[in-house]
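Structure, as structure tokens:
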Amino acid sequence: MNVASVAVPSVSHAPISTVGLTDKISIKSLNFYYGDAKALKNISMSLYQGKVTAYIGPSGCGKSTLLRVLNRMYDLYPHQRADGEVLFDGQDILSPKQDLNLLRARIGMVFQKPTPFPMSIYDNIAFGIRLYERLPKSELDDRVESSPKRAALWDEVKGKLNQSGLGLSGGQQQRLCIARTIAVRPEVILLDEPTSALDPVGRRTVRLLLEELRGRGVSVLLNSHLLSEIELVCDRVVILLGGEVVTAGTPAELASPRGVELETDRGTQLVAGARRDDVPRLVADAVRDGRSIYGVRVLTSTLEDTYLEAVGGETD
Amino acid sequence: MNALYARRRRRNGIMMTLSVAATLFGLGWLVLILGVLLWQGFSGLSLAVFTEMTPPPGADGGLLNPIVGSLILTVLAVLIGTPIGMLAGTYMAEYGRHSRLSSVVRFINDILLSAPSIVVGIFIYEVMVFPMGHFSGLAGAVALAVIVIPVVVRTTEDMLMLVPNQLREAASALGLPRAVVISKVCYRAAKAGMITGVLLAIARISGETAPLLFTALNNQFWALDGKAPVSSFFESLNAPMASLPVVIFQFALSPYKDWQKLAWTGALIITFTVLALSIAARALTASRKQS
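Those protein sequences? They're chains A and B, same order as listed.
Under our numbering, think of the first position of the first sequence as 1, with each following residue one higher.
Under our numbering, think of the first position of the second sequence as 1, with each following residue one higher.
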């Protein structure tokens, strides 16, 4: 494991504070191709131990592709290839020698559409565990109970673990998929638009789960369109556009204050870079100048502003 | 009422009448066939049909040996053909979905699927009956298996293709090896359809006569012996074996009234077996849609 210093190469244009963070996955000059089409261009970035990182960007910008590179999901298909370097605990996972099954057991993934297996709820959760661990029945039962509890699904399924997972509602199915993934205790979890099938309560569940995973030192990587969700849970945000990283940083860094606007009898004046704390001083200065003040506005740019600015109004 | 609308209504009425008439015309033959079959076959139906051997002309008898023969031939053909067909279909849908070999196999399989069954009979005659020097139940089962294989290949491939890729990805994402993804997830998801395919294959071969004439031929007796069931079973495979379609063919063409009656009864038995299989296949497909 290498400890990232401030000098870690990064293409980000925003200030980044990476001191004290440990790289779980470091991506270096990653390119990805669908046949001849280049979907990811020279991506370099780090995912940190125990941090939640979010990718945002318009549809088709390469968010899902990037996730699918990290567990080599693209290997299921011909004509898809990646070059560059993706170090997972210092090991290059793009190497042909990488055992894909072991890699995917360590890097779990939850997909946008819920995909319960055609088997009982119990087996859905126990399936992955049984594959890599031989547990006595009671211990397996405990694991099968704890995962849906963490995914806030337990109360809805505890009486019917023997029923088919296909009989659950869409939101329940998605939480089942999340429970199934965390049951195998991956070190990194990739979430491809995990909350799109969930109602507000379900989203809150995911948020709490993300916080819990972070507490356990699990690195989480998710992509989403829901910027408000991202602001609430993510430690780091990366904006992708056309297969390239446009900017990256903490939500606070990306949603930096733009300044304070004073509306006076001599017109509207923008004090760039000023914060809310500066307002009394600015007002006092203006009064000393003999100006009449009609209004004061603190302009903050939200993540959405930054996003829209970054993608240049290129919406889907 | 608007004139345009009235004309449209009139045209609709004409088209509907024509469609219903065409449907009735088509279905009418089926009803007639089933009616004659029931009428002629039912009167001959008795316990003796299922307990006695085929008789010489003028004597009493039943269809026990062809019924058992048909069962043995069908079960063997399915036992031989299903694993081969399923594995081939699995290769085409899972491992070699994008490979050239798959498209070649698919093309050849389609030809085999529509090959006249008499060609299959002649083929097995050439490669098995002629070298062995005699007709045999085993050759009959292999001939039927050759008919089973393309049906099972096709349905297996089609049903596995219907399994959404997301399911494969989700299973792979848990770290499941490819073989486990296929056997534990894809097969389960496609189970009803794959079983339907096997049932349809059984329905397809249970009435086949031509390939059996060249291979299993017919036998008025059987080698089955209650004292040594296992060894006599294998002995009987090496000998010509009676089957319902061939017995029907022979008895129906004969000048003897009692043989003709037995032929009708045999036809009834086959028809209702196939009907039951089709209904089972339908029920399975319906249950798949629900889940």
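We put the beta carbon where it would ideally sit given N, CA and C, even for glycine.
Predicted, not measured: the structure shown is a model, and the values here were computed from it.
Check                                                                                                                  : Outcome
Environment of PRO66(B) [buried if 16+ CB atoms lie within 10 Å]                                                       : buried
Supposed close pair LEU221(A), LEU190(A) - CB separation, criterion 8 Å                                                : 5 Å
Continuous alpha helix (DSSP H) assignments of at least 4 residues falling wholly in the region 28-105 of chain A      : 63-70
MET80(B) and VAL151(B) closer than 8 Å at C-beta                                                                       : In the sequence on display, residue 80(B) carries Ile and not Met. No. Outside cutoff.
SER228(A) versus ARG81(A), TYR307(A), ALA272(A), residue with shortest Cα-Cα distance                                  : TYR307(A)
Chain B contact for LYS113(A) (CB, 8 Å cutoff)                                                                         : yes
Own chain, CB closer than 6 Å to SER70(B), minus 5 neighbours either side, in chain order                              : SER243, LEU244
Identity of the residues DSSP links to GLN269(A) by a beta bridge                                                      : LEU262(A)
Buried versus exposed, by CB contacts within 10 Å (16 or more), ASN124(A)                                              : buried
Neighbour list for TYR132(A) in chain B, Cβ cutoff strictly below 8 Å                                                  : GLY175
Cβ-heavy atom distance, THR22(A) to the ligand MN, below 7 Å                                                           : Of ligands this structure carries none, so the ligand MN is not represented either.
Where GLY137(B) sits in the DSSP three-state scheme                                                                    : helix
ARG188(B): contacting residues in chain A (beta-carbon distance under 8 Å)                                             : PHE117, PRO118, MET119
LEU102(A): contacting residues in chain B (beta-carbon distance under 8 Å)                                             : GLY175
Status (buried if at least 16 other CB within 10 Å, exposed otherwise) for TYR5(B)                                     : exposed
N- and C-terminal bounds of the alpha helix (DSSP H) containing VAL287(A)                                              : 279-288
Min CB distance SER291(B) to chain A below 8 Å                                                                         : Only weak support is given to the placement of SER291(B): the predicted model assigns it a pLDDT of 48, under 50, and the value that follows is read from those uncertain coordinates. Answer yes: the Cβ-Cβ gap between SER291(B) and chain A drops below 8 Å somewhere.
is_contact[VAL86(A), chain B] using C-beta, thresh 8 Å                                                                 : no
Nonlocal neighbours in the same chain, by C-beta distance under 7 Å from SER117(B), ignoring five residues either side : ILE147, GLU208, ALA210, PRO211
Cβ-based neighbour list, ARG287(A), same chain, cut-off 8 Å, excluding 5 preceding and 5 following                     : Going by the sequence as given, residue 287(A) is Val instead of Arg. Result list for VAL287(A): ILE293, in chain order.
Chain B residues whose Cβ lies nearer than 8 Å to that of ARG143(A)                                                    : None at all; the shortest Cβ gap to chain B is about 14 Å.
TYR187(B) and PRO57(B) closer than 8 Å at C-beta                                                                       : no
Simplified DSSP assignment, three categories, for THR195(A)                                                            : coil
Cutoff 8 Å: ARG168(B) Cβ touching any chain A Cβ                                                                       : yes
Helix, strand or coil at ASN223(A) according to DSSP, with G and I counted as helix                                    : strand
Rounded distance between the beta-carbons of ILE270(B) and SER206(B), thought under 8 Å                                : 6 Å
Residue span of the beta strand (DSSP E) that contains TYR294(A), given as start and end                               : 293-300
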